[in-house]
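To keep things clear, I will list the structure first and then write my remarks on it.
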Amino acid sequence: MSRQILSIPRYRELAEVLVREVRTDYGPGDLLPTEAQLAKRFAVNRHTVRRALDELVAAGLVTRHQGRGTQVVDRRLDYAVSAGSKVTQNLASLGLPSNTCCLEQGLVTPPEAIAQRFGRSASEPLLRVDTVRTVDDAPLMRLRHWFDPERVPGWLERYRGGSTRALLGQHYGLRLHRRRVRIDAAGADRDDTRWLQCPLNAPLLVMTSDNTDAAGVLVEVSVGRARADRLSYHIDFDDAVGRDFDEAAGRHRDAAGDPSDLFPSDEDDA
20 MSRQILSIPR YRELAEVLVR EVRTDYGPGD LLPTEAQLAK RFAVNRHTVR RALDELVAAG
80 LVTRHQGRGT QVVDRRLDYA VSAGSKVTQN LASLGLPSNT CCLEQGLVTP PEAIAQRFGR
140 SASEPLLRVD TVRTVDDAPL MRLRHWFDPE RVPGWLERYR GGSTRALLGQ HYGLRLHRRR
200 VRIDAAGADR DDTRWLQCPL NAPLLVMTSD NTDAAGVLVE VSVGRARADR LSYHIDFDDA
260 VGRDFDEAAG RHRDAAGDPS DLFPSDEDDA
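Positions in the sequence shown are counted from 1; adding 19 to them yields the numbering used here.
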């Protein structure tokens with residue numbers, strides 16, 4: 020019986036390597052090495068390099084510019100923000116595999132701005148859950164969830180990672196809705212550089228959400244710090260939600276404070 024050994028063409032192997040590097044090592048607008056440099060690096064001829072780059076062009080990852088070279092395009096994820104949207108479902112709808120890792124969790128004295136949202140004194144501890152979300156094995160955002168611990172008894176024994184919304188629904192019967200959203204710009208701190216694998220002071224989008232139960236009672240405040248080179252937000256509200264958002268924004272604008280107060284560095288928490 021004869022056997023046929025199926026091998027992957029060399030240009031496709033090279034294309035797979037370049038795809039991984041574009042997604043992890045390059046930002047929008049960056050130029051890839053020249054065809055001659057790539058050919059020398061991978062010990063192939065320029066025709067093979069050109070065919071590999073054709074694959075990246077077809078996938079929408081790069082574009083060619085005469086006289087300039089091959090440039091990485093803006094591949095930021097278009098993330099829809101609505102009253103009931105969920106991170107996991109949004110990414111799944113884009114066909115993107117994601118994973119959430121729990122970094123740290125426990126009862127912690129919250130910043131004053133968070134305590135005020137829950138109507139608590141600053142000395143009353145809240146449940147803080149820190150997670151990092153990855154897409155295609157590359158970090159996208161780190162999130163800090165503040166919960167009213169009375170609403171989620173036994174959380175520390177149950178949660179080990181994955182969707183916090185799924186656990187809230189399965190074990191606590193809670194389906195949360197965003198009551199208020201605030202989006203700010205910030206520079207990456209040292210913790211961001213570690214978990215998001217981005218340079219110090221790299222641009223981040225910081226989204227703070229007040230999340231309530233069906234009765235409108237606050238259950239969670241979430242603060243997400245996302246790489247601005249990998250994600251963009253668009254917000255769709257119907258008229259009712261839009262009016263509620265405007266009224267809430269007016270009531271709470273002065274109380275919102277600096278977003279860094281809601282997500283202090285680990286040194287500040289120590």
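C-beta atoms are modelled at their ideal positions from N, C-alpha and C, and glycine is treated no differently.
Nearest CA to the CA of residue i: which residue from the options?
i: R31; options: R201, V63 and D49; result: V63
i: A247; options: V236, P218 and T231; result: P218
i: H84; options: P222, D156, A99 and D49; result: D49
i: S117; options: E123, V154, M160 and L146; result: V154
i: L237; options: F137, R65 and T53; result: F137
i: Q216; options: L195, R244, V127 and A134; result: R244
i: L162; options: S182, D44 and H190; result: S182
i: V151; options: P28, E123 and Q135; result: E123
i: M160; options: I27, L250 and E131; result: L250
i: R177; options: D167, H164, Y191 and W165; result: Y191
i: V148; options: F166, S142 and Q135; result: F166
i: T128; options: A99, P168, V100 and L186; result: P168
i: L80; options: Y98, A99 and L51; result: L51
i: V100; options: L186, H196 and P130; result: H196
For my contact list, residue i and residue j are in at a C-beta cut-off of 8 angstroms; report their separation, rounded to the angstrom.
i: R179; j: C121; result: 6 angstroms
i: V41; j: L57; result: So it is not a contact: roughly 12 angstroms between Cβ atoms.
i: V91; j: G125; result: That pair is no contact at about 40 angstroms.
i: A221; j: A233; result: The pair is not a contact, with the Cβ atoms about 38 angstroms apart (cut-off 8 angstroms).
i: V240; j: I133; result: 6 angstroms
i: T119; j: G88; result: With 8 angstroms as the limit, T119 and G88 do not qualify as a contact, their Cβ atoms being about 37 angstroms apart.
Quick check on residue i: does DSSP put it in helix, strand or coil?
i: E143; result: coil
i: G138; result: coil
i: R197; result: strand
i: I202; result: strand
i: Y30; result: helix
i: R83; result: strand
i: R209; result: helix
i: R179; result: coil
i: Q124; result: strand
i: V63; result: coil
i: Y45; result: coil
i: R170; result: helix
i: R39; result: helix
i: Q189; result: helix
i: V76; result: helix
i: A55; result: helix
i: V184; result: A small fix is needed here, since residue 184 is Arg in this sequence, not Val. Looking at R184 - three-state DSSP - the assignment turns out to be helix.
How would you label residue i, buried or exposed, when you count the other beta carbons within 10 angstroms and need 16 or more for buried?
i: P158; result: buried
i: A268; result: Legend: pLDDT at A268 = 44, less than 50; position of this residue unreliable, value from coordinates given subsequently. It is exposed - the Cβ of A268 has fewer than 16 other Cβ atoms within 10 Å.
i: P140; result: The sequence given here has Ser at residue 140, not Pro. By the 10 Å Cβ count, S140 comes out exposed.
i: A291; result: The requested residue 291 does not occur in the structure, where the chain is confined to residues 20 to 289.
i: A55; result: exposed
i: D156; result: exposed
i: A259; result: Model confidence at A259 stands at a pLDDT of 44, short of 50, so the residue's coordinates are unreliable and nothing is read from them.
i: H253; result: exposed
i: R194; result: exposed
i: P339; result: Given that the chain is displayed from residue 20 to residue 289, the structure contains no residue 339 and the question cannot be resolved.
i: R65; result: exposed
i: D44; result: exposed
i: T82; result: exposed
i: R60; result: exposed
i: P28; result: exposed
At a cut-off of 7 angstroms, is residue i close to the ligand FMN when judged by its beta-carbon and the heavy atoms of the ligand?
i: A132; result: Because no ligand of any kind appears in the structure shown, any question about the ligand FMN cannot be addressed here.
Examine chain D for any beta-carbon lying closer than 8 angstroms to the beta-carbon of residue i, and answer yes or no.
i: R249; result: Protein chains in the displayed structure number just one, and chain D is not present.
Q | Three-pair Cβ contact test at 8 angstroms for the segment 210 to 223 versus the segment 172 to 188 | A | no
Q) Would you say the segment 73 to 88 touches the segment 31 to 49, given that touching needs at least three Cβ pairs under 8 angstroms? A) yes
Q: Please determine if the segment 190 to 200 and the segment 218 to 238 are in contact, where contact requires at least 3 C-beta pairs separated by less than 8 angstroms.
A: yes
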